[in-house]
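In the working numbering, the protein residues as written are 6 to 503.
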């Protein structure tokens, strides 16, 4: 594949952190390695007209204690199926609520959709047919860590749980939904009430939803090494980059109208996520790798050699560049080229990527780590990097592996002697390290002394913040939001399950 062809694939690939589940693998190409589609204006999540007149829309609002408020929708000819799916979603949220307590409620839009709007989709022509499901956090908000002065992007469900100045005062513009999640209503789902044992061809919806909600809460939100680039120089890994102007302050929400990262325009490398504060590649903080990319790009802008080609941008004073010119220039930097190749090599070598729970805040003493998935070669989009290593599949940490054994949630819990929630202690510690609070903790986790919301966010007037949030917010689906852009995903995604 030529470099230009590879970049073209990268442009149409839909991305972002949450889990896209597909049943059929496809050929690996150059694209972001992500768990969920980041919808673009070229083709996106829309609320389709159902072409099957027999299908009915089942709607239900659920509130799970102080943890989740879920707008649930289900399209199906079988309303009993929708009722069972509702129960599975509610139990999944309750499992999470049993392990964590929430300072502020997390809002979610979760739907069971019909591929191509029909109960009889054509496997050859319906791009949604192979999709199992996904979840993503719709908003990331910039937060500054006081010890290193760097900005990290926090998913809104996590930031809601913290005591940073401005959060409680209502100065942060929250999205309408913190999490967007969808599941294919035609897949062979199994429910706990169906039978004592789950047939191998089925999947336990309750376990899949629990897994996906974890992604929506921020598990696996990698922005530092999740773009796969193929060129004449070979396969390489690359950080996310911003395709929205920096003067917008807040990254646009992930909606049907915005693709804030990895688009046609390159403004700058994306700030690391809070997840990346804890990730180490080959015993080096991923932040050290990010610094090399940033230093090289800033040097290119300053020297204008090699020349970067400005991209056409409207309504902003910021200068954006074409991705072709940026990638071509970076490849001429021997240090960057070597690093991109090394990241790919390490990303396909088992046991090279870790989440270290004591990495932050300063003074943390819990010397615990969880190994992340880098054992797939070739890289598997949506599976590599953003999940627990496959070796955990036979342990109590099975929940967040990329390809779970074919067993029910109760069966997996019994086989591994996991906690009744199905959430392993290390998986739980990962979430606590980022800032969530254990359900049995006396007080909520405090981060006000070590971090602060970017003052530019807090300086937005309340009216401006509300307007920005409203204009970009994920629309109230009240029914399935189906991925018409999934064609791009299926061209790019190799992950067959999680």
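Backbone N, C-alpha and C fix where the C-beta goes; we use that ideal spot for every residue, glycine too. Predicted model only: the values in this text are computed from it and were never measured.
Span of the alpha helix (DSSP H), counted from its first residue to its last, around residue i
i: residue 462; result: 460-463
i: residue 96; result: 84-104
i: residue 128; result: Taken as a continuous stretch (DSSP letters only), residue 128 belongs to no alpha helix (DSSP H), as it is neither H nor E.
i: residue 329; result: 328-336
i: residue 162; result: 161-164
i: residue 353; result: No alpha helix (DSSP H) holds residue 353; DSSP gives it neither H nor E.
Other residues of its chain near residue i: CB distance less than 7 Å, five sequence neighbours each side excluded
i: residue 378; result: 388, 389, 390, 392, 393, 394, 395 and 407
i: residue 60; result: 80, 81, 82, 119 and 124
i: residue 461; result: 254
i: residue 480; result: With a pLDDT of 34 at residue 480, under the threshold of 50, the modelled position of this residue cannot be trusted; read the value that follows with caution. Counting only Cβ-Cβ distances below 7 Å, and skipping sequence neighbours, we find nothing.
i: residue 341; result: 297, 298, 301 and 335
i: residue 206; result: 193
i: residue 337; result: 311
i: residue 292; result: 277 and 281
Three-state class that DSSP yields for residue i in the structure shown
i: residue 392; result: coil
i: residue 374; result: strand
i: residue 297; result: helix
i: residue 195; result: strand
i: residue 423; result: coil
i: residue 183; result: coil
i: residue 282; result: helix
i: residue 443; result: strand
i: residue 315; result: strand
i: residue 270; result: strand
i: residue 241; result: strand
i: residue 362; result: coil
i: residue 219; result: helix
i: residue 307; result: helix
i: residue 230; result: coil
i: residue 438; result: helix
i: residue 68; result: strand
i: residue 156; result: strand
i: residue 247; result: strand
i: residue 406; result: strand
i: residue 450; result: coil
i: residue 188; result: strand
i: residue 430; result: helix
i: residue 173; result: coil
i: residue 290; result: strand
i: residue 456; result: strand
Neighbourhood of residue i by C-beta, 6 Å cutoff - its chain only, sequence neighbours within 5 removed
i: residue 74; result: 68, 110 and 112
i: residue 433; result: 104
i: residue 65; result: 77 and 91
i: residue 398; result: 406 and 410
i: residue 417; result: 403
Same chain, Cβ closer than 8 Å to residue i, five either side skipped, listed in chain order
i: residue 459; result: 146, 147, 148, 149, 156 and 254
i: residue 162; result: 111, 142, 183, 184, 221, 222 and 223
i: residue 344; result: 294, 297 and 298
i: residue 413; result: 195, 197, 202, 203, 209 and 212
First through last residue of the beta strand (DSSP E) which encompasses residue i
i: residue 80; result: 73-81
i: residue 114; result: 111-118
i: residue 206; result: Neither: residue 206 is in no beta strand (DSSP E) and is coded neither H nor E.
i: residue 324; result: Segment: none, residue 324 is in no beta strand (DSSP E) and carries neither H nor E.
i: residue 276; result: First-last for residue 276: undefined, no H or E at that position.
i: residue 148; result: 145-150
i: residue 139; result: 136-142
Under 8 Å between C-beta atoms of residue i and residue j
i: residue 447; j: residue 168; result: no
i: residue 534; j: residue 280; result: The question about residue 534 has no answer here: the residues shown for the chain are numbered 6 through 503.
i: residue 274; j: residue 248; result: no
i: residue 404; j: residue 428; result: yes
i: residue 243; j: residue 331; result: no
i: residue 240; j: residue 349; result: yes
i: residue 364; j: residue 151; result: no
i: residue 89; j: residue 198; result: yes
i: residue 304; j: residue 316; result: no
i: residue 196; j: residue 138; result: no
i: residue 310; j: residue 251; result: no
i: residue 376; j: residue 362; result: no
i: residue 108; j: residue 181; result: no
i: residue 84; j: residue 63; result: yes
i: residue 177; j: residue 164; result: yes
Minimum Cβ-Cβ distance from residue i to chain C less than 8 Å
i: residue 351; result: The structure shown contains no chain C, having only a single protein chain.
Inspect the CB distances between the segment 146-156 and the segment 98-105 and report whether three or more fall short of 8 Å.
-> no
Between the segment 203-222 and the segment 230-248, do three or more beta carbon pairs fall short of 8 Å?
-> no
Contact between the segment 351-363 and the segment 272-290: three or more CB pairs below 8 Å?
-> yes
contact_flag[the segment 366-384, the segment 338-354] where n(CB pairs < 8 Å) is 3 or more | yes
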